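Colleague: I'd like to ask some things about the structure below.
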Amino acid sequence: MYICICKGIKESDVRKLGQAGITCPEKLADSLGLNDKQNCCGRCIKNIAKFVDLAEEEAPCPKSPVMR
Ligand code: FES
């Protein structure tokens, strides 16, 4: 399923980045070219948390829960 029309990014693309350990918002945006103001509408960067969620689902070392 496409999650970015401007760049043709699919959920599977984000999941692959997560598998490579790329899960932070800045690195995901850079890797996917979402900071390209000339060729992006800017809609996706507003939903970067969704991208992070997808990537973290596939990350080799998921974040451990915070101990309280
Ligand atoms: S739909 Fe993703 S930048 Fe436009």
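All residue numbers for the sequence shown refer to my numbering, where the first residue is -18 and numbers rise by one. Quick reminder that beta carbons are idealized off the backbone N, C-alpha and C, glycines included. A quick note: this is a predicted structure, and the numbers were derived from the prediction, not measured.
Using a Cβ-based criterion (distance less than 7 angstroms to any ligand heavy atom), does leucine 15 qualify as near the ligand FES?
Modeller: Yes, Cβ of leucine 15 sits closer than 7 angstroms to a heavy atom of the ligand FES.
Colleague: Is glycine 23 near the ligand FES, going by C-beta to nearest heavy atom under 7 angstroms?
Modeller: True, at least one ligand heavy atom lies under 7 angstroms from that Cβ.
Colleague: Could you name the residues that DSSP lists as bridge partners for lysine -9?
Modeller: Per DSSP, Tyr(-17).
Colleague: Tell me which residues share the same chain as threonine 4 and place their Cβ nearer than 7 angstroms to its Cβ, disregarding the 5 neighbours each side in the sequence.
Modeller: Val33, Ala36, Glu37 and Ala40.
Colleague: Quick one, which of Glu7, Asn28 and Leu(-2) has its alpha-carbon nearest cysteine -15's?
Modeller: When each option's Cα is compared against that of cysteine -15, the closest is Asn28.
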